[in-house]
């Protein structure tokens, strides 16, 4: 594992921000410029795993193509055998998952419109660039104390309408059956079936995310993985209003439309969702300002 004050590739490690199963994220300072960035570096035990390396590099290669205020920017990729890493913009913040774990419903309610709009705008940009994120969930949405929002983690991102994407490629390279890429609680029916994907798959995952952010629970739960996946196909979701009476029925209908089983029954894309969101209140006591 990397140590604080260690220098890796011209960047001094300053603060450990996150530790995952395969990687760590640090706040770092570029030694030659004294500029602050964030670095994602694979743990030593993952650095030699083809799958972990492929996901890290996919994350970086997609990120360097992004240029939007609501999508994290990647600045540099290092493909070394011992310590592969990439450097991205430093955005002092925390994930929406942390807000949920802290049961910070006051913050979520206070900043809901800004967060929901900015995350959707970032995803709309990614879809317009021809990409499907494939892992939209609270963990992959960063929010600072002002409600400024950025989409992160492109490890599973693929070009639209390419089906298996990275998962299929890894399966062929590693001689394994293609795995279902994504997080099962948030995956659209077509993603579970490994069908060709477009932005409406992200829209479904975002609908699950909005449901969870406003109710504190997911729309589909199962005792087993198979039961959970089956419910994405068979169970009609309840309106989030049933679990949070502060929400408006109109917002509840927007979320239900996002969770439609058939993608053609959802919004055509995030731009259409944003238009619909602009026309309704999220919470009954919300004071909606003119968004222009």
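Residue numbers (UniProt numbering): 1 to 292. Yeah, the Cβ is synthetic: ideal placement off N, Cα and C, and Gly gets one too.
Residue from the options with nearest C-alpha to residue i
i	options	result
residue 217	224, 138, 126	138
residue 125	96, 202, 59, 99	202
residue 44	35, 23, 37	23
residue 154	232, 135, 161, 47	135
residue 210	8, 109, 53	109
residue 214	33, 27, 111	111
residue 79	90, 66, 49, 15	49
residue 275	117, 63, 252	117
residue 207	127, 119, 279, 278	119
residue 244	285, 26, 19, 64	285
residue 262	69, 281, 236	236
residue 240	107, 231, 254	254
residue 17	37, 68, 127, 32	37
residue 230	271, 185, 98, 250	185
residue 192	233, 222, 152	233
residue 141	106, 100, 105	100
residue 287	264, 273, 248, 272	248
residue 182	133, 273, 228, 222	133
Residue i - partner residues in DSSP beta bridges
i	result
residue 25	18, 40
residue 293	One cannot answer for residue 293 here, as it falls past the ends of the chain, which runs 1 to 292.
residue 256	Note: residue 256 sits in no beta bridge, so no partner.
residue 264	Looking at the DSSP assignment, residue 264 forms no beta bridge with any residue, so it has no partner.
residue 7	12
residue 143	94, 149
residue 30	11
residue 186	Answer by DSSP bridge pairing: none, since residue 186 is not bridged.
residue 158	132
Cβ distance (whole Å) where residue i is taken to contact residue j below 8 Å
i	j	result
residue 85	residue 129	With a Cβ gap of about 24 Å, residue 85 and residue 129 do not count as contacting.
residue 194	residue 147	Not really, about 36 Å apart at Cβ, beyond 8 Å.
residue 219	residue 259	6 Å
residue 199	residue 160	7 Å
residue 83	residue 47	6 Å
residue 8	residue 41	7 Å
residue 267	residue 257	6 Å
residue 149	residue 131	That belief does not hold up - the Cβ atoms of residue 149 and residue 131 are roughly 18 Å apart, past 8 Å.
residue 91	residue 72	7 Å
residue 94	residue 143	7 Å
residue 270	residue 127	6 Å
residue 75	residue 89	7 Å
residue 15	residue 6	With 8 Å as the limit, residue 15 and residue 6 do not qualify as a contact, their Cβ atoms being about 12 Å apart.
Buried versus exposed call for residue i [16 or more other C-beta atoms within 10 Å across all chains shown]
i	result
residue 173	In this predicted model, residue 173 has a pLDDT of only 37, less than 50, meaning its place in the structure is not dependable; the value taken from the coordinates is given anyway. That one is exposed.
residue 164	With a pLDDT of 44 at residue 164, under the threshold of 50, the predicted position of this residue should be treated as unreliable, though the coordinate-derived value follows. Its Cβ being crowded by 16 or more others within 10 Å, residue 164 is buried.
residue 225	exposed
residue 177	Annotation note: pLDDT 43 at residue 177 (below 50); position unreliable, coordinate value reported separately. When all chains shown are included, residue 177 counts as exposed.
residue 188	buried
residue 66	buried
residue 55	buried
residue 190	buried
residue 20	exposed
residue 145	exposed
residue 59	buried
residue 87	buried
residue 33	exposed
residue 70	buried
residue 246	exposed
residue 152	buried
residue 282	buried
residue 4	exposed
residue 212	buried
residue 205	buried
Can you list, in chain order, the stretches of the beta strand (DSSP E) that have 3 or more residues and sit fully within the stretch 48 to 132? 74 to 78, 85 to 89
Counting only runs that start and end within the stretch 200 to 254, where is the alpha helix (DSSP H) found for 4 or more residues in a row? 225 to 234
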